[in-house]
Structures are given as C-alpha cells and as structure tokens.
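The structure appears right after this line, and notes come after that.
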Amino acid sequence: MNPHFLLLTSHSSLFAVFSSIRWRIAFSYIALFLVVMTGLSLYLSNFLRREYLAQLQGQLMAETRLVAASVTPALLPDYDGPPLAETAVTTSSLLAARVTIVDGEGVVLAESHRAELQTTSYLTRPEVQQALASGSGQSVRFSQTTGEEMVYTAVAITHDGQVIGVARLAAPLRQLDAHIAQLRWTILTAALVSAGLALVVAWVLGTRTARPLERLTEVATQMAEGDLNVRLFSNSQDEVGRLTRAFNEMTEQLADKVNSLGEERSRLTTILTYMADGVLITDEQGRTLLLNPAAMRLLQISREGALRRSLAEVMRHHQLIELWQRCRETGREQIELVEVERQRLFLQAIVTPIQEMGRRSYLVILQDLTQIRRLETVRRDFISNISHELRTPLAGLRALVETLRDGALDDPPAAARFLDRIEVEVDALTQMVQELLELTRIESGKVPLRMQPTPLSDIVLSPVERLQPQAERARLKLSVKLPDDLPPVMADALRAQQVVTNLVHNAIKFTPVDGRIQISAHRDGHEIVVTVSDTGVGVPPGDLTRIFERFYKTDRARSGGGTGLGLAIVKHIVQAHGGRVWVKSKEGKGSDFSFTLPLAE
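Reading the sequence shown from the start, the letters are residues 11 to 611 in the numbering used here.
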C-alpha cells in the first residue's frame, strides 16, 4: 500500500478526532493533567533527592566527626594501639561507608577499601581542601575509583590546635537514586491511573458539553435545508440553556422573516408574471439577472436563453442596447420610443439605474404600445375613410343641386333625372348612417340577441335564395354544401342571416364572371364552422389583418360600391354570439371567409 496514502489516512483520522469538541475537551483535560503531574513529579523527585542528600550528608558528617575523634590517638607519635588501617576497615564495616585517613599533606595514611595506599595526594579533593581550610567539608561528585556518584564528607583531625590529618567518609548515591527512581515510578503510576480517571471524567464532561452543540448543529443543518419549524428544548439554566433559548428565538424570528420575504417575493413574482409590461434587470456588465414572461414574449426568448446572457443576446435591437448604454454612461433614467420592425412592435423603453448594497444594476421596462398605435392608426384611417365615403355622395349632391339651381328645374325631364339621382345619393348616405348606427349599437351591446336553437339551414338558405338572382346576373355559380347531420346552433337567426348575407354579397362583388361561390359547414368540437369560399380577386396580404375594420377598403374595393361597414358588422355580430371570424386568401385566387357559431346544448 502507498505510504503516502497511509500518511494521509492517519492525518485525516487525527483531524477527524481533533475536530470533535468532546475530544478537544478530553485532550485538553488530559494534557493539562499530564503537564501538572509531570511538573509535580519532577519537582517532588528533585525536592526529595535534595532532602535525602542533605540528610545523608548530615548523617555522614556526624559519623565523620566520630571517626576523626576516634583515630586522633592513632596519629600521635606515642600511639601503641591497633594499626590505623585496621581501624579504618573496622569503622567502614560498622558505618557502611568508605573511610579514608590522610595526613596534613594530603598523603593517604589508611584506606578501608584498598589494601595498598595511594601515592597521589588528596589535597586536590574539594572536601579535603574545605576541611583543611574550615575544619569540615563535603562534596558530591563522580568517583573515578568506584565508577559511580559518591557523597564525600571530611573533618580535620587536630591536636593541640594543629591540623595533623583529615578523616574522610564516602558513601555511594546508588541507594538514594534507587529510592528516588522508585518514588518517580510510584508517582508515574499514580499519574497514569489518575490520567485514566481524568480521561473518563473529561470524556463525560466533553460529551455533556458536546451533545447540546451537536443537537444545535443538527437543527441548524435542518434549518439550512429549509425546515424552519424545528426547535431545541433545554431545561438547564446554564450557558447552554441560554444559548438554546436564544437559538429558538432566533429561529422564530428567522422563520417570520423568511415567511414575510416569501410572501413579498410571491406577491412580486405574481405582479411580474401578470404584468403586461416587460421587465428586465441587468447587472453592471449588462448580463440579464431577471426577466418576466411579458419580456420573454416581447423579446421572443426563453428564460434559459436569457439569464446570465448579455443584453445584446437578449434584446437583439440596437436602439434598446444604445438606450441601456446611454443610461449606464450618464447614470440617469432614459426613456425612448422604439419600433422593432422585425417583430412589428412599437415599444416605450425605460431604463433606470438602481444602486443597492454598493452595486449598480439596471431596470429595463418595455411597454408594448403596439395596440395603442394600431388603434391610433385605425382612428386616423376611420376618419380618412369616412371622410372619403361621405365626400363622394356629398359632392354629387352639391353638383346636382347647383345644376338644378342653374336652370335644370325649367327642364322637367332633366329635373326628374337629377331628383332621382339625388334620391340615390340620399339613400346611400342613409344606408351608411343606418349601418354605422347599427354597428355602434352592436358594439355597445344595446342590440339584444334572441338566442335559441336554430338549424343551420335556416341561417344559410334564406340569404342564398335572396342573393341567387344577383349571382346569376353576375354569371356566378352560387352553391350550398351542408352535411345532413349537423346539430342546431345557438343563435339569433336574423342576425346570423345578416352575417351570411354580408359575406355572400361581398363574395359576389369581388368574384369575376364565371366564378364560383360556395357556402359549406362542418362541426369542430363544440361549435359549427361556416365558410364562404369564392374564386374572386382575393385580399392582399397586407390587408388581411384590417379588412374587418369599419370603413376599411382595399384598393380594389374602393373602385366599387359599398360603405366598408359590412365586414365590421359581420365581425361584431359573430363576436356577440361568442364565435370567431377569420379569412384565408390568396391574391388572384380567391378567399375563404369563416365564422363559428356555438352548438345548442
């Protein structure tokens, strides 16, 4: 196995152990206890060694004095007792110490542990020098002779006030060191036993201290995962209990804040989701941070394709990008009307700088004014169209009146023709006003619809019979194709017939000679789709979205008759029935006008 792996494993194991608070507490107790016990052991052993050594030196000094007193006669000239060497050996055996007698010059006179006397002088020995100088001396040093540490005491031997020699005793420290070693071992054993007990106590204390913290960690983890209903329970009055209560209070406040922020975020999300205006937020670099569904619809982009993308990738229109850059450069709100021709949109773009928490972002609001602009266009076209429609009959009436005034009244046949012409123009104006009033009433909902189950044939066949002669005069083939199993529809029969009449009449006007017009129907879910198809001139693609507007006419329609209100009436009658109306056309090949009526359930 790789030794580096073993090293890393051991390091990770140690890290895991020391990362636990109970182990840190236990090891802290043990470390402190071991340091104290080690220091105490060293102090006691050194103290006792000094005390024992001092006691030994004192005892040995007393014994040395006795030896010096006992051997004094043996150093006198008239001594006739036992030899000095025998006395030294006897005394050594009694005192269990090495006895040495030297003269005043340091020459060894007797030695208890050597048969032969040394020729070297003992004057260099510290204890001998002290004894010669002050009467007594002592030292602790390593003996080259015995090969171990010894304690020495020396006492001067005097006679008549003169130093005639020195008595020295030496004892090995072997026994003292053995006692000290035994004492240290005893202390060490006690320290190890105490350390074990301390480890147990420290583990228990660490566990009791760590358990609330571990529970606190578990609760904090659950809170981080979104569970804000979890709580801690503690009846203790110590720091842990206070921490637990403070944590519970913090959790409750946090839950209230999160719920409040969640409600505000939900309301903001709802507002942004259902806003008709597009909203984007970008950062300082122009990356998109947020956009609502309206912005996605206006810019034709998905949320995934927009978030964290640059503004150029999201908007894809140089005017909008330039407006954002101008706001960034000036630091002021910028407003501009922008027309996006590619999407046929007319937007009011508002870019506002936002400064929060030391960071700048930009709020982009896109207001879709396309419908408003279209309504303005419709209004302008309506005024233009109605002015055009009224100008022709009014000009004709003015010309006829001026002609009559200039003398045509004196010519009865001419006057009659002019009056007939005036009547035609007045009838056209009357029809236009009536249709306009009727359309206004239908739009305002003031025309009540008598809705009842009605067979589709009653709606289609009657207008076809009335218009059949007109179609024959125009040399057109008018046919009806209705399935026999069509269910009845819920409709006002007269109003629905008016829809068919206007569509068929419109088809007759714009279908060339030998063309075909067919009325067909089929069921589509919960409604019936009625289609009036012709092989006429068709509708230009640019006019398809506007032909149902009042007074709107294509260029071909302007050359013919009509008020331009027929298709607008069709549209509003069908919508009043809850249906839809649309057209499919190819210029030069014909048109299909379709509308729906709900089934009678």
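We treat Cβ as the ideally placed atom computed from N, Cα and C, and that holds for glycine.
Note that the C-beta distance between A305 and L290 is below 7 Å. Within its own chain, the residues whose Cβ lies closer than 8 Å to the Cβ of I583, once the five positions on either side in sequence are excluded, are I452, R505, A506, Q508, V509, listed in chain order.
Judged by DSSP in its simplified three-state form, A180 adopts strand. In this structure, L333 and E323 do not form a Cβ contact; the two beta carbons are roughly 16 Å apart against a cut-off of 8 Å. Taking every protein chain shown into account, the CB of V540 has 16 or more other CB atoms within 10 angstroms, so this residue is buried.
Rounded to the nearest whole angstrom, the CA to CA distance from T261 to V229 is 10 Å.
R319 has its alpha-carbon roughly 40 Å from the corresponding atom of K594. Taken through DSSP and simplified to helix, strand or coil, V549 comes out as coil. Going by DSSP, M500 is part of no alpha helix (DSSP H) but of the beta strand (DSSP E) stretching over 499–501. The Cβ-Cβ distance between E537 and T606 falls below 7 Å. According to the DSSP assignment, H169 belongs to the beta strand (DSSP E) that extends over 158–169. The continuous alpha helix (DSSP H) containing K581 extends over residues 576–586. Residues of the same chain with a CB within less than 8 Å of the CB of R485, apart from the 5 flanking positions on each side, are V523, D524 in chain order.
In this structure, the alpha-carbon of V542 lies about 6 Å from that of Q528. Under DSSP, the beta-bridge partners assigned to G147 are A164. For D534, the enclosing beta strand (DSSP E) starts and ends at 526–534. In this structure, the CA atom of S276 is about 24 Å from the CA atom of P363. In this structure, S131 sits away from S102, with a CB-CB distance that is not shorter than 7 Å. The continuous alpha helix (DSSP H) containing E96 extends over residues 94–105. In this structure V443 is exposed. Its beta-carbon is surrounded by fewer than 16 other beta-carbon atoms within 10 angstroms.
Look at F558 here: in three-state DSSP terms it is coil, with no helix or strand label. The three-state reading of DSSP puts Q381 in helix, counting H, G and I together. Between A201 and M47, the C-beta gap is smaller than 7 Å, which places the two residues in contact.
If you draw a straight line from the Cα of I579 to the Cα of E475, it is about 21 Å long. Secondary-structure assignment with DSSP links E121 through a beta bridge to T110. When C-alpha distances from E115 are compared across M285, E294, V173, R390, the shortest belongs to V173. For G315, the enclosing alpha helix (DSSP H) begins and ends at 313–316. When beta bridges are read from the DSSP output, L376 appears opposite G288, A359.
Collapsing the DSSP output to three states places R370 in a strand. Residue state for S472 is assigned as helix, using DSSP reduced to three classes. A359 has its alpha-carbon roughly 10 Å from the corresponding atom of I331. Judged by DSSP in its simplified three-state form, R427 adopts helix. Here V203 is exposed: its Cβ has fewer than 16 other Cβ atoms, across all protein chains shown, within 10 Å. Annotated three-state conformation of D544 is strand, per DSSP. Note on L119: 16 or more other CB atoms within 10 angstroms of its CB, so buried under the neighbour-count rule.
For the pair D90 and G175, the CB atoms are not nearer than the 7 Å cut-off.
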